[in-house]
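Structure, as structure tokens:
Rendered as structure tokens:
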């Protein structure tokens, strides 16, 4: 708690779990949720958020953007000359959601900062990915 890795509420829940004798619930400590299922749900929420934000920036519905992606395009392909607007929309929407999670005590500021940094560090890769393809770099 002191170094910002978790909120007091999170620390209290962990302490209560340990004191109750129910164990640590390792999957929950490592990322919340219910193990792999919870992680898949979080990943899907992030994907949905990126898709919705990108569609908003491109003035299209998420369903229309999904159709473009299913046809073999990446979000970057669909964005064409509007890629900076898409990146800005995704980043701003993610920051707003993370700020809300910090305000409600679900995340610490350090956790939110780390998540936002991971998003920005990987955003070009995410937007260039073609769904259903491995997107490995071409062999030399």
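In my numbering, the protein residues as written are 39 to 178. Ideal Cβ positions, reconstructed from N, Cα and C, are used throughout, including at glycine.
So, is residue 105 buried or exposed, given that buried needs 16 or more other C-beta atoms within 10 angstroms? Counting Cβ neighbours within 10 Å, residue 105 comes out exposed, since fewer than 16 surround it.
Is the beta carbon of residue 114 less than 8 Å from the beta carbon of residue 107? no
In the DSSP assignment, the alpha helix (DSSP H) including residue 115 goes from what residue to what residue? 113-117
Excluding sequence positions up to five away, which residues of its chain have a Cβ less than 7 Å from the Cβ of residue 43? 146, 148
Option in 112, 99, 84 with minimal Cα separation from residue 170: 112
Does the Cβ of residue 127 have 16 or more other Cβ atoms within 10 Å, making it buried, or fewer, making it exposed? buried
Would the beta-carbon of residue 92 fall within 8 Å of that of residue 99? Residue 92 is not a Cβ neighbour of residue 99, given a cutoff of 8 Å.
Below 8 Å between beta carbons: does that hold for residue 168 and residue 88? no
When the Cα of residue 45 is compared with those of 143, 80, 131, which residue comes out closest? 143
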